[in-house]
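Protein chains: 2
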Amino acid sequence: MAATMHDVARLAGVSIKTVSNVVNGYPYIRETTRARVLAAIDELDYQLNVAARNLRTGRTGIIALAVPELSLPYFAELADSVIEAADVQGLTVLIEQTGSRRERELEVLSGARRHLTDGLIFSPLALGAGDEDLLRVDFPVVVLGERMFPDSVDHVTMQNVEAARAATEHLIALGRRRIAVVGVHPGEVVGSAGLRLAGYQEALEAAGIPVDERLLGEAGLWHRATGAEAMARLLEDGAEPDAVFALNDAMALGALHELQVRGLRVPQDVAVIGFDAIDEGSYSNPSLTTVDPGREQIASTAVRLLIEQMRSRPAEHVPQRVYADFSILERGSTVVEAPAVRPRVHA
Amino acid sequence: MAATMHDVARLAGVSIKTVSNVVNGYPYIRETTRARVLAAIDELDYQLNVAARNLRTGRTGIIALAVPELSLPYFAELADSVIEAADVQGLTVLIEQTGSRRERELEVLSGARRHLTDGLIFSPLALGAGDEDLLRVDFPVVVLGERMFPDSVDHVTMQNVEAARAATEHLIALGRRRIAVVGVHPGEVVGSAGLRLAGYQEALEAAGIPVDERLLGEAGLWHRATGAEAMARLLEDGAEPDAVFALNDAMALGALHELQVRGLRVPQDVAVIGFDAIDEGSYSNPSLTTVDPGREQIASTAVRLLIEQMRSRPAEHVPQRVYADFSILERGSTVVEAPAVRPRVHA
DNA sequence: TTGTATGCGTTATCAA
DNA sequence: TTGATAACGCATACAA
């Protein structure tokens with residue numbers, strides 16, 4: 050049987066309260082007492098029962114992170130960053146996969162695990178405009194992304210419009226004029242797809258290039274497969290793009306694959322830029338030019354804001370909105386890389 | 050304030066025990082009673098306090114999954130599969146990233162979160178031969194992989210030797226003779242690196258090809274970057290490989306990248322095969338031939354074994370060892386793909 | 001500086 | 001089929 054505080058107290062010849070004080074780092078304890086308690090803890094191999102503490106304090110030391118799926122590299126890398134940032138603060142992360150399904154996103158918010166976690170970092174996809182009220186929950190929440198009502202809750206978000214504009218401008222500066230977009234969600238305004246498309250349109254407009262509807266490739270889910278499919282459709286419909294702005298890297302890599310399977314050269318025939326800066330893009334062939342949206346900054350900021358909420362009383366919490374810095378990483382899918390360093394090893 | 054069972058009981062005019070019975074699906078309840086309780090639960094928006102249940106039952110409904118890092122796509126996809134498999138069983142997954150650090154792997158086993166989780170699915174990297182005793186813990190554990198002492202604990206593992214042998218044989222069947230390995234851990238016997246290398250050696254031996262030490266490329270961590278580096282070293286040291294067996298896909302993709310940067314054609318000059326069947330390999334250029342080690346099967350089996358342990362008394366539990374099925378996925382990095390389906394869109 | 005006593009919300013025992 | 005009541009292990013108000 051696992052030892053309890055009582056056992057430790059008995060062995061150390063003190064009260065349970067003293068053991069509790071030692072365990073929780075209460076400062077006013079005589080050194081000799083503390084030493085005796087610590088010795089007893091060691092002797093009994095005592096471990097605090099977290100469940101009991103939770104029941105008593107209402108805190109668990111666990112925060113939830115809700116993402117669409119870990120199979121999407123961006124979210125896997127985001128989860129990695131959040132776990133590390135939380136670990137620094139002594140928090141553990143419970144990951145909820147919503148599969149982008151509205152029903153599961155609602156479940157996360159309804160707080161089925163409310164008693165299990167102290168707060169939630171939420172990256173919604175299915176919820177959107179019109180769902181603002183759902184976010185008025187009575188536990189700490191930080192939203193990643195821009196879909197939700199601005200004033201009621203903390204947001205940490207990318208500079209979607211500005212970054213997308215910069216990405217498009219990068220392509221324009223290379224002389225491209227028929228720039229396709231992969232991953233469009235028709236009619237969407239407030240989500241990542243809508244905002245990034247807006248940035249694209251801004252850039253074209255500023256350059257005096259008309260928007261050609263045929264260059265807008267839809268893709269609901271942002272996977273490699275859907276990127277490849279959208280690219281295939283664009284090519285088969287005769288859109289004749291000389292560049293592609295994929296709204297995330299996974300789709301960009303799918304598009305890159307599709308282009309090359311069809312014998313098109315990247316970047317000579319078609320330049321490709323993505324969005325997210327996942328590690329995978331550094332090693333594709335050619336490597337992928339992309340927007341680095343500041344993932345680590347987003348993760349650490351989200352954890353920080355969540356902790357602030359957890360510590361303050363709900364009434365006195367002022368919702369914040371933080372934008373992460375972004376940058377363009379120029380790589381081989383838009384700029385021709387230097388030729389091979391040395392001749393081929395084989396004849 | 051959140052409602053408790055007491056509140057529900059009072060509103061429904063029953064005892065708290067009856068509410069508990071309803072919540073837990075106890076069958077012998079009069080229908081009218083059950084209906085009244087359910088109505089009260091609905092009315093009060095009651096949600097079970099998991100912490101209290103945990104304290105009472107000692108169960109949390111959470112299982113831990115310890116992996117090196119989610120940034121490695123194989124582990125991200127594995128985590129995805131485990132979460133889904135656990136969800137089906139009503140379990141939630143807490144992910145621990147060990148970063149392949151021995152110290153953190155020990156922490157996981159020492160059970161700092163023992164009271165928080167009902168069991169552990171553990172994918173060790175740093176621990177290995179000689180650490181068998183560490184696994185004799187008093188909570189349910191399922192180990193993924195082969196590093197540990199066979200008899201004491203449940204294992205779910207890939208057929209590392211056989212699959213690696215099949216991968217190598219695939220290359221040999223293509224007429225390759227100078228087959229490099231990327232990701233070797235010198236001296237290791239019992240881990241994935243050692244076993245897969247053994248499979249490689251078996252295949253060479255069976256084909257009468259001598260093992261050339263210069264073709265064995267070391268890489269401690271199995272990342273894209275280390276794969277690229279190992280590949281670069283092999284090429285620069287004049288090993289002159291005509292094929293590469295990377296011990297996982299991430300390294301294979303790094304190697305693929307490195308080869309192409311250096312102007313080598315894949316598969317014509319050098320064929321490449323990986324191990325893991327991560328989604329990324331379907332979309333690389335060329336797409337990656339790889340070993341599919343049965344990830345989903347591994348995940349669901351691990352969850353099943355863990356649940357069996359959780360339900361049985363430790364004494365009566367017979368440790369099992371399950372091998373997942375594997376298969377070779379032939380793709381463009383070893384077999385020349387069909388030429389472009391249609392001519393280039395651009396002149 | 002340390003001890004005593006109480007209750008967090010649930011489940012389990014036993015009786016009715 | 002249902003109810004009363006005692007734990008589960010800890011933190012904390014209050015006392016000493």
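Chains A and B, in that order, are what the protein sequence lines are.
Letter by letter, the first sequence follows residues 50 to 396 of our numbering.
Letter by letter, the second sequence follows residues 50 to 396 of our numbering.
Ideal Cβ positions, reconstructed from N, Cα and C, are used throughout, including at glycine.
Kindly indicate which three-state DSSP category residue i falls into: helix, strand or coil?
{"i": "B:Leu354", "result": "helix"}
{"i": "B:Glu267", "result": "strand"}
{"i": "B:Thr206", "result": "strand"}
{"i": "B:Ala389", "result": "With a pLDDT of only 46 at B:Ala389, under 50, the local geometry of the prediction cannot be trusted, and no value is derived from it."}
{"i": "A:Leu169", "result": "strand"}
{"i": "A:Ile377", "result": "strand"}
{"i": "A:Ala292", "result": "strand"}
{"i": "A:Gly484", "result": "What is shown of chain A runs 50 to 396, which leaves residue 484 of chain A out entirely."}
{"i": "B:Val137", "result": "helix"}
{"i": "A:Ser201", "result": "coil"}
{"i": "A:His395", "result": "Note on A:His395: pLDDT 40, under 50, position unreliable in the model; the coordinate value appears next. Note: A:His395 maps to coil in three-state DSSP."}
{"i": "B:Gln317", "result": "coil"}
{"i": "B:Glu126", "result": "helix"}
{"i": "A:Ser336", "result": "coil"}
{"i": "A:Met54", "result": "helix"}
{"i": "B:Leu223", "result": "coil"}
{"i": "B:Val238", "result": "coil"}
{"i": "B:Arg360", "result": "helix"}
{"i": "A:Leu174", "result": "coil"}
{"i": "B:Asp182", "result": "helix"}
{"i": "B:Thr383", "result": "coil"}
Name the two residues that bound the continuous beta strand (DSSP E) containing residue i.
{"i": "B:Glu145", "result": "Thr141 to Gln146"}
{"i": "A:Thr339", "result": "Thr339 to Asp341"}
{"i": "B:Leu165", "result": "Neither: B:Leu165 is in no beta strand (DSSP E) and is coded neither H nor E."}
{"i": "A:Leu193", "result": "Val190 to Leu193"}
{"i": "A:Val233", "result": "Ile228 to Val233"}
{"i": "B:Ala256", "result": "No beta strand (DSSP E) contains B:Ala256, which is instead part of the alpha helix (DSSP H) from Ser241 to Ala256."}
{"i": "A:Val321", "result": "Ala320 to Ile322"}
Note the first and the last residue of the continuous alpha helix (DSSP H) segment covering residue i.
{"i": "B:Thr275", "result": "Arg273 to Glu285"}
{"i": "A:Arg370", "result": "A:Arg370 -> not in any alpha helix (DSSP H); beta strand (DSSP E) instead, spanning Arg370 to Tyr372."}
{"i": "A:Leu302", "result": "Asp298 to Val310"}
{"i": "B:Ser159", "result": "Arg151 to Ser159"}
Along chain A, in chain order, which residues have C-beta atoms closer than 7 angstroms to that of residue i?
{"i": "B:Arg21", "result": "Residue 21 of chain B lies beyond the range of chain B shown here (50 to 396); nothing can be said about it."}
{"i": "B:Gln309", "result": "Asn334"}
Does the Cβ of residue i lie closer than 6 angstroms to at least one heavy atom of the ligand GDP?
{"i": "A:Gln208", "result": "Absence of the ligand GDP from the depicted structure is noted, as is the absence of any ligand whatsoever, leaving it without description."}
Cβ closer than 8 angstroms: which chain A residues qualify as neighbours of residue i?
{"i": "B:Ile132", "result": "Leu119, Ile144 and Gln146"}
{"i": "B:Asn73", "result": "The premise fails here: B:Asn73 is roughly 16 angstroms from chain A at the closest Cβ pair, so nothing lies under 8 angstroms."}
{"i": "B:Gln96", "result": "Gly160, Ala161, Arg163 and His164"}
{"i": "B:Ala277", "result": "Tyr332"}
Give me the chain A residues within the contact set of residue i, using Cβ-Cβ distance strictly less than 9 angstroms, ordered along the chain.
{"i": "B:Arg273", "result": "Asp328, Glu329, Ser331 and Tyr332"}
{"i": "B:Glu365", "result": "Those within 9 angstroms of B:Glu365 in chain A number zero; the least Cβ separation is about 19 angstroms."}
{"i": "B:Gly168", "result": "Result: empty, since nearest Cβ-Cβ is about 15 angstroms, beyond 9 angstroms."}
Taking Cβ-Cβ distances shorter than 7 angstroms, what residues in chain B pair up with residue i?
{"i": "A:Glu126", "result": "Ser120"}
{"i": "A:Asp325", "result": "Ordered by position in chain B, no residue passes the 7 angstroms Cβ test against A:Asp325, which lies about 13 angstroms from the chain."}
{"i": "A:Gly303", "result": "Tyr332"}
{"i": "A:Leu104", "result": "Ala100, Ala101 and Leu104"}
Starting from residue i, find everything on chain B with Cβ-Cβ shorter than 8 angstroms and list it in chain order.
{"i": "A:Asp129", "result": "Glu118, Leu119, Ser120 and Gln146"}
{"i": "A:Val99", "result": "Arg162, His164 and Leu165"}
Legend entry - the region 266–276 of chain B / the region 291–300 of chain B touching (three or more Cβ pairs under 8 angstroms): yes
Legend entry - Every unbroken alpha helix (DSSP H) inside the region 58–123 of chain A [4 residues or more]: 65–72, 80–93 and 99–106
Inset, instruction - Could you tell me whether the region 208–220 of chain A touches the region 234–246 of chain A, using the rule of 3 or more Cβ pairs below 8 angstroms? - result: yes
Legend entry - Three CB pairs or more closer than 8 angstroms across the region 224–233 of chain A and the region 275–293 of chain A: yes
Legend entry - Touching by the beta-carbon criterion (3+ pairs, under 8 angstroms), the region 144–152 of chain A and the region 348–355 of chain A: no
Inset, instruction - Flag this pair as touching only if the region 305–314 of chain A and the region 83–102 of chain A have three or more C-beta atom pairs under 8 angstroms; answer yes or no. - result: no
Inset, instruction - Taking 8 angstroms as the threshold, find out whether the region 116–125 of chain A comes into contact with the region 90–106 of chain A through three or more Cβ pairs. - result: no
Inset, instruction - Determine, using beta-carbon pairs with one atom in the region 151–169 of chain A and one in the region 180–194 of chain A, whether at least three such pairs fall under 8 angstroms. - result: yes
Legend entry - Cβ contact (3+ pairs, closer than 8 angstroms) linking the region 315–329 of chain B and the region 123–130 of chain B: yes
Inset, instruction - Please confirm if the region 154–162 of chain A is in contact with the region 147–154 of chain B, defined as three or more CB-CB distances below 8 angstroms between the two stretches. - result: no
Inset, instruction - Count the C-beta pairs between the region 99–110 of chain A and the region 58–69 of chain A that are closer than 8 angstroms, then say yes if the count reaches three, no if not. - result: no
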